[in-house]
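Below is one structure; the comments refer to it alone.
Numbering (our numbering), first residue to last: 2 to 905.
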């Protein structure tokens with residue numbers, strides 16, 4: 002009867018933990034493996050603070066582990082990973098690890114949420130915290146930090162978990178097969194010994210049977226050896242796809258692994274670009290340079306056997322070249338018995354073809370072996386998954402680049418917009434553009450030293466200040482309104498239209514908005530009341546969408562901008578619907594558009610005007626955000642409403658992108674390893690934590706100091722001089738080193754500073770970074786001293802020594818150094834051969850096998866001893882003894898002597 006082995010007996014714990022950690026690192030989420038009995042077989046990889054807090058108490062650990070045990074039972078009902086939630090509402094994917102038809106364990110990945118916690122769930126978490134003896138506030142705080150994963154990423158997580166579980170299951174299955182093979186071998190061995198004892202008397206007649214038993218035992222040992230090499234190949238490829246993110250390196254190294262583990266003659270991968278040709282072909286060859294063959298496959302197109310593999314859509318195609326490829330250039334390049342071609346696919350996408358060629362002395366039946374084909378299928382599947390993951394990573398980088406371009410466009414927009422733009426924080430102007438400064442006749446620098454109230458006419462100052470105060474307090478006040486501004490000459494007044502809202506800027510609430518000088522517009526409105534003709538001309542030429550409504554909310558006219566904005570062919574089509582019909586059913590705040598539109602019209606009729614933000618819908622069904630101003634007007638002694646609508650969709654997108662950009666900048670400065678500083682008027686205005694650590698002070702202490710207090714006396718003059726010259730506009734080095742002095746006034750550090758000029762709050766300032774390079778400078782000095790000692794030993798050794806660099810991927814080597822003993826032995830000068838190729842100087846290294854030794858040592862890193870004979874015709878005239886090593890730098894060192902006298 003077979004013994005059921007638990008997972009920990011099949012796979013080494015460290016190896017299992019390494020696979021789990023690698024998976025968690027790639028997916029950026031937590032992972033753990035539990036036994037069927039509910040015990041954790043591995044440590045949690047990358048656990049969240051939320052789950053770590055729960056598991057910090059015995060009751061929390063018990064309930065957590067019970068949740069995992071319950072989820073492990075439920076997942077047995079599905080063949081695919083299931084998304085479930087633990088007792089604390091955390092989302093986890095669970096997938097059973099089924100080996101040999103038996104559930105050995107369950108792998109979980111998760112500790113995330115698919116939606117923000119609701120208030121009800123947060124209340125339940127407070128109750129759970131009390132039950133498991135942890136602080137409710139701490140648990141709720143950690144819950145709010147939980148990562149929210151959307152639907153598209155959830156599908157990717159499920160696919161990745163399935164792939165990883167299959168890898169673990171495959172490792173376990175291979176281990177079971179290996180154990181059974183060993184058990185079978187042991188049983189065969191025991192039976193063989195018994196038979197030998199029983200048939201000792203019949204040894205002569207049983208000799209043939211004994212040979213058969215030995216043969217069968219040898220077959221079993223060969224099978225075990227083959228299984229071990231297959232398992233090694235699978236493990237190495239799995240480790241490779243976790244760590245390697247460069248596409249070409251991934252393909253080359255995977256081919257190298259197949260050659261090393263399975264002894265193939267060659268292996269290649271062709272990346273498909275149009276379902277018929279290769280974009281590129283990369284590979285490895287045990288006997289020759291594969292680059293020419295790979296280039297031919299790209300330039301001339303795939304050979305017939307590769308075309309057939311694309312058309313047939315079979316997972317594996319076996320080509321017997323001795324039979325099927327009589328006139329093929331591929332056959333002339335690789336004359337082995339057979340080639341195996343495997344389709345590399347993932348999620349229905351064909352990435353390319355993987356091909357391996359068997360050596361000429363390998364039986365073609367190897368290609369049809371089940372274990373061999375399973376290995377190739379798994380390797381192809383792993384490569385496809387890795388290529389898919391690399392494509393996703395490339396797509397993410399493209400999105401980041403697009404965002405940077407978007408941020409640059411937003412900056413250009415602000416600098417060139419015709420309306421004035423401003424930021425107000427704590428009642429002070431933090432930013433204005435040139436257009437803002439032009440309205441009252443000041444410069445930007447003058448504006449930033451003023452209060453916003455200085456620009457408002459006295460009759461409107463109380464109204465503007467009141468609305469600002471109420472908005473900062475969170476009250477619902479109009480986002481758009483008009484007020485009178487006062488010019489620099491203190492006499493000229495301008496009517497200004499302001500649009501303002503709230504954002505978070507440097508961690509504090511800030512008013513952001515635009516102002517437009519509408520003095521002329523107001524004058525035009527007065528003229529329009531006197532002349533309907535002039536009104537119609539301005540009405541039709543307005544860039545804003547302007548429409549007229551009855552108090553009951555029925556449109557009866559709209560200008561050309563209105564028709565363009567809503568996508569209507571004419572005014573009749575536009576007026577056929579109500580404002581609610583021109584909107585989605587609900588507004589972003591959940592209010593019903595029909596009832597909300599009636600409220601805004603009622604408010605405008607009562608107060609005379611009402612400004613608000615609204616989501617409208619075009620004729621083609623597309624929604625857009627707009628600023629709407631409803632104004633009560635009187636025509637022919639009847640009251641109507643005029644609506645002015647401006648599409649602000651792009652502005653809202655830009656505001657969101659700006660917030661995200663500022664958050665990324667803040668995070669970068671807080672977490673960068675180099676010290677960051679800002680100096681203005683000789684005083685430190687800002688430093689980060691890394692800057693303070695270099696000098697041993699706190700950030701608050703540094704900001705109360707002068708920069709010169711942190712510079713050693715011997716360098717203070719140089720640093721001060723360069724700062725003064727840079728602020729004066731002279732061309733001085735942006736990067737240089739100096740000695741800093743720590744808080745104890747004794748310890749000196751070597752600091753590398755990079756500094757440049759910027760503008761901060763309207764004034765020039767120095768901004769830069771500092772890095773503590775003391776340890777590196779000490780290491781450089783030690784390295785210089787070590788190199789001097791090495792050079793003396795190198796030049797005075799009695800042995801000949803040559804140092805070679807590797808070129809052409811190990812196909813040749815180049816002389817890097819040659820000591821005095823080598824010059825005497827070879828009768829050559831160092832300056833005559835350094836920089837030359839090995840094969841150009843000593844072409845005979847190929848015939849004596851020394852070149853192959855160089856390549857092996859370079860590839861494996863293992864030293865080798867190689868003795869060669871020197872011939873003159875057919876006669877041996879000398880002997881050389883060579884010891885070949887690989888340096889950590891990758892260079893090859895050969896120490897050799899003439900041992901002819903000793904051999905004789």
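Positions of the beta carbon are idealized from the N, C-alpha and C atoms, including for glycine. In this text the structure is predicted, and so the values were computed from the model without any measurement.
Assignment of residue 478 by DSSP, reduced to helix, strand and coil, places it in the coil class. Counting only residues of its own chain and dropping the five nearest sequence neighbours on each side, residue 585 has a CB closer than 8 Å to the CB of 594, 616, 618, 624. In this structure, DSSP gives residue 638 a state outside helix and strand, which the three-state scheme calls coil. In the three-state reduction of the DSSP assignment, residue 752 falls in the strand class, which pools E and B.
Cα atoms of residue 817 and residue 400: separation of roughly 45 Å, rounded to the nearest angstrom. Its Cα nearest to that of residue 470, the residue 426 stands out among 442, 492, 426. The Cβ atoms of residue 235 and residue 388 lie no closer than 8 Å to each other. Under the DSSP assignment, residue 389 falls in the alpha helix (DSSP H) whose first and last residues are 371-417.
For residue 354, DSSP records a beta bridge to 271, 344. With a 10 Å radius around the Cβ and a threshold of 16 neighbouring Cβ atoms, residue 252 comes out buried. In the three-state scheme derived from DSSP, where H, G and I count as helix and E and B as strand, residue 733 is classed as coil. DSSP, read as helix, strand or coil, puts residue 866 in strand. By the criterion of at least three beta-carbon pairs nearer than 8 Å, the region 573-588 is not in contact with the region 664-683. Segment contact: the region 717-730 against the region 632-640, fewer than three CB-CB distances shorter than 8 Å; contact not assigned. Taking a C-beta distance under 8 Å as the contact criterion, residue 509 and residue 443 do not qualify as a contact pair. Within a 10 Å sphere around the beta-carbon of residue 725 sit fewer than 16 other beta-carbons, which makes this residue exposed.
Here the region 652-659 makes no contact with the region 732-742; the two share fewer than three CB pairs at distances below 8 Å.
Annotated as proximal: residue 317 and residue 343, with beta-carbon spacing under 8 Å. Per DSSP, residue 254 is one residue of the alpha helix (DSSP H) stretching across 248-263.
Rounded to the nearest whole angstrom, the C-alpha separation of residue 545 and residue 84 is 50 Å. For residue 562, the uninterrupted alpha helix (DSSP H) run begins and ends at 561-567, by DSSP. Taking residue 248 as the centre and dropping the five residues before and after it, the same chain places the C-beta of 391 closer than 6 Å to its C-beta, in chain order. Cβ-Cβ distances below 6 Å link residue 100 to 170, 173, 174 in the same chain, with the five nearest sequence neighbours on each side left out; the list follows chain order. Between the alpha carbons of residue 841 and residue 835 lies a gap of roughly 12 Å. According to the DSSP assignment, residue 719 belongs to the alpha helix (DSSP H) that extends over 714-728. Rounded to whole angstroms, residue 597 and residue 628 show a C-alpha spacing of 15 Å. Taking every protein chain shown into account, the CB of residue 825 has fewer than 16 other CB atoms within 10 angstroms, so this residue is exposed. Within the same chain, and ignoring the five residues on either side of residue 801 in sequence, the residues whose Cβ sits closer than 6 Å to its Cβ are 822, 823, 826, 897.
Taking the C-beta atoms as reference points, residue 385 is found nearer than 8 Å to residue 345. Here DSSP, grouped into helix, strand and coil, assigns residue 47 to coil.
Pairing residue 129 with residue 6 gives a Cβ-Cβ distance that is not under 8 Å. Taking C-beta separations shorter than 7 Å and ignoring five residues to either side along the sequence, the partners of residue 901 in its chain run 879, 880, following chain order. Proximity of the region 766-784 to the region 851-863 falls short of the contact definition, fewer than three beta-carbon pairs being nearer than 8 Å. Less than 8 Å divides the Cβ of residue 113 from the Cβ of residue 148.
Using a C-beta cut-off of 8 Å, the region 403-413 makes no contact with the region 452-461, since fewer than three inter-stretch Cβ pairs fall below that distance. DSSP, reduced to helix, strand and coil, places residue 280 within a strand of the structure shown.
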